[in-house]
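Reading through the structure tokens given below for one structure.
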Amino acid sequence: MTMTVSGRSGRQTKRSIKLRASARSPDKGGASKTKIGAGLASRMGAWMRLRREDLRIIVASGAAGAIAAAFNGPLTGAFYAFELVLAQYAIGYVAPIMTASIVATIAMHALGGAPFTVSINATRGVSAGDFPWFMLLGAVCAGIGILWMRALPLAERLFTATKAPRMTHPIMGGLLVGAIAMVSPQVLSGGHGALELGLFAELSIVAVLTLAALKIIASTISLGAGFRGGLFFSSLLVGALLGRAVAMGIAALWPEAAPDLTAFSLVGMGALAAAVIGTPLTMSFLVLETTSDYALTGAVLAASITSNLIARETFGYSFSTWRFHLRGETVRSAHDVGWVREFTVDRLMRTDPATASKDLSVGDFQAAFPLGARQRVALVDGENRFYGIVVVAEAHTEGLIDATPVLTLAQSSAAVLLPHMTIKDAMHVFDETESDTLGVVDGRDTFKLLGTLKESYATRRYAEEMEKAQNLAL
Numbered sequence: 168m169t170m171t172v173s174g175r176s177g178r179q180t181k182r183s184i185k186l187r188a189s190a191r192s193p194d195k196g197g198a199s200k201t202k203i204g205a206g207l208a209s210r211m212g213a214w215m216r217l218r219r220e221d222l223r224i225i226v227a228s229g230a231a232g233a234i235a236a237a238f239n240g241p242l243t244g245a246f247y248a249f250e251l252v253l254a255q256y257a258i259g260y261v262a263p264i265m266t267a268s269i270v271a272t273i274a275m276h277a278l279g280g281a282p283f284t285v286s287i288n289a290t291r292g293v294s295a296g297d298f299p300w301f302m303l304l305g306a307v308c309a310g311i312g313i314l315w316m317r318a319l320p321l322a323e324r325l326f327t328a329t330k331a332p333r334m335t336h337p338i339m340g341g342l343l344v345g346a347i348a349m350v351s352p353q354v355l356s357g358g359h360g361a362l363e364l365g366l367f368a369e370l371s372i373v374a375v376l377t378l379a380a381l382k383i384i385a386s387t388i389s390l391g392a393g394f395r396g397g398l399f400f401s402s403l404l405v406g407a408l409l410g411r412a413v414a415m416g417i418a419a420l421w422p423e424a425a426p427d428l429t430a431f432s433l434v435g436m437g438a439l440a441a442a443v444i445g446t447p448l449t450m451s452f453l454v455l456e457t458t459s460d461y462a463l464t465g466a467v468l469a470a471s472i473t474s475n476l477i478a479r480e481t482f483g484y485s486f487s488t489w490r491f492h493l494r495g496e497t498v499r500s501a502h503d504v505g506w507v508r509e510f511t512v513d514r515l516m517r518t519d520p521a522t523a524s525k526d527l528s529v530g531d532f533q534a535a536f537p538l539g540a541r542q543r544v545a546l547v548d549g550e551n552r553f554y555g556i557v558v559v560a561e562a563h564t565e566g567l568i569d570a571t572p573v574l575t576l577a578q579s580s581a582a583v584l585l586p587h588m589t590i591k592d593a594m595h596v597f598d599e600t601e602s603d604t605l606g607v608v609d610g611r612d613t614f615k616l617l618g619t620l621k622e623s624y625a626t627r628r629y630a631e632e633m634e635k636a637q638n639l640a641l
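For the sequence shown, the working numbering begins at 168 and goes up steadily by one.
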């Protein structure tokens, strides 16, 4: 959700909000709440005709409020917005986002909502000797998270390979998930009740690992079949189960270690979510605000950072950015999406380039464009169709016959840019053609010239806007 919000400058359609409100999948908790909250904020911002930057803030505030109310955690909601929606920490964002989180938490209590809390008073606490195990758990969660994300496109390809109409994919996915639920109904669980199962259920290690595997399979099938949703609550539940399984394994192999099952479940919950969702600080504050245990929060932070770093260094994506990558976008965080979508060729091109008739001779061209007058001239016909770009200095090369058609000197006649292309697409064309200036046409069929774009200018504008955004964030 959040990546799409950033990519579309914060705007979401009414249809997408309704779909997100009604869709059901094995992860129907946090994802739906944040999408509805952010979606309503987006509609409000669009109605108020807010600037793009203000719209991003109000969307982030809506997502923060949804998470804060769901987990009784204003800090959790705020850092979810910072890490995932905005992908940056900025002083200018603190006031609106923290206000939204606090107000949402107060509203939840006023409406009689039951806060999500975890009692760990009975646990033996966290010791320094536990931290190596927690770091190991973080590494395990990183590996599981990477495999999980890589399985998603495989599921989509399997549904596509059936040759069945796309509209039937959710039906097929529902039948498969239903079949899994016949074996283990818990795979359909989502929300706080599911987390209670992962944290406190008295299950054998085989049952815990089986439930975690089936939950991963069910969530993957649902997303591959086209159901709306994400992996927020699913990653929390599976992470809690993995943490519990690791603790049970340690206890079986080294009884003297005496690992605390609840503590390992909470650490695993944060570590897997940090790898999949990409929010280590959010997970740490989630544990802090639900347990009020500072020592345990430090353990979650260590495991979450370990998990997130391994996932980023070896895989390079979170769940949201991985889905953008599968569509061909070079996106690593929410901060990237806005730039990729915002900088299109029609915003960067020069709309008044020098033009000349393609039928001119070299002599006539030299007379019309003496050295120093222009660097490059676009050749067009009577209907403004593009025929390439001529470098003025090359047209004045000694030895050229005046009667030679200037069209023979034209460069980049076939390699053109379209106005809707992003800067990433444009730079790819520049790299392929090794040209420093390209023509921009209205379409590949009509080929009518709209303007030109220089590679050096596109690169400089991109760098300037990136620096400007970073300065505003400070």
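Yeah, the Cβ is synthetic: ideal placement off N, Cα and C, and Gly gets one too.
Cβ atoms of residue j and residue i: under 8 Å apart, would you say?
i: GLY676; j: VAL467; result: Outside the displayed span of the chain (168 to 641) sits residue 676, for which this structure offers no information.
i: LEU253; j: TYR247; result: no
i: ILE311; j: THR481; result: no
i: LEU515; j: ARG628; result: yes
i: ALA231; j: GLY240; result: no
i: PHE486; j: MET265; result: no
i: ALA562; j: VAL573; result: yes
i: VAL354; j: ALA412; result: no
i: VAL544; j: PHE536; result: yes
i: LEU433; j: LEU463; result: yes
i: TYR461; j: LEU453; result: no
i: GLY610; j: ALA577; result: no
i: THR642; j: PRO520; result: Since the first residue of the chain shown is 168 and the last is 641, residue 642 is not available in this structure.
i: GLY280; j: ALA236; result: yes
i: GLY416; j: ILE477; result: no
i: VAL350; j: ALA385; result: no
i: LEU439; j: GLU250; result: no
i: ALA540; j: VAL558; result: no
i: PHE510; j: THR604; result: no
i: ALA414; j: PRO426; result: yes
i: CYS308; j: GLY435; result: yes
i: ALA277; j: SER228; result: no
i: LYS615; j: ARG517; result: no
Look up residue i in the DSSP assignment and say whether it is helix, strand or coil.
i: THR171; result: Bear in mind that the predicted position of THR171 carries a pLDDT of just 40, short of 50, making it unreliable; the figure below should be weighed with that in mind. Three-state result, THR171: helix.
i: GLY606; result: strand
i: VAL583; result: strand
i: ALA630; result: helix
i: THR522; result: strand
i: SER294; result: coil
i: SER389; result: helix
i: THR109; result: As shown, the chain starts at 168 and ends at 641. That puts residue 109 outside it, with no answer to give.
i: ARG324; result: helix
i: ARG210; result: helix
i: TYR624; result: helix
i: ARG395; result: coil
i: ARG528; result: Here the sequence assigns Ser to residue 528, which means Arg is not the residue at that position. Strand at SER528.
i: ALA188; result: Confidence at ALA188 is low in this model, with a pLDDT of 40, below 50, so the placement of that residue is unreliable and no value is reported for it.
i: THR329; result: coil
Over what stretch of residues does the alpha helix (DSSP H) that includes residue i continue unbroken?
i: LEU617; result: Unbroken run through LEU617 is the beta strand (DSSP E), 616–621; no alpha helix (DSSP H).
i: SER474; result: 461–481
i: ASP427; result: Segment: none, ASP427 is in no alpha helix (DSSP H) and carries neither H nor E.
i: VAL596; result: 590–600
i: ARG517; result: Run containing ARG517: none; DSSP gives neither H nor E here.
i: THR266; result: 258–277
i: LEU343; result: 336–350
i: PRO241; result: 241–247
Quick one: give me the first and last residue of the beta strand (DSSP E) that residue i is part of.
i: GLY445; result: Segment: none, GLY445 is in no beta strand (DSSP E) and carries neither H nor E.
- Going along the chain, which unbroken runs of the alpha helix (DSSP H) with 4 or more residues stay wholly within the segment 532–578? 559–562
- Message: For the structure I just gave you, are there three or more beta carbon pairs, one from the segment 575–584 and one from the segment 592–604, closer than 8 Å?
- Response: yes
- Item | Three or more C-beta pairs below 8 Å linking the segment 295–310 and the segment 458–476 | yes
- Does the segment 380–396 touch the segment 322–340, meaning 3 or more C-beta pairs lie closer than 8 Å? yes
- Inspect the CB distances between the segment 396–405 and the segment 324–335 and report whether three or more fall short of 8 Å. no
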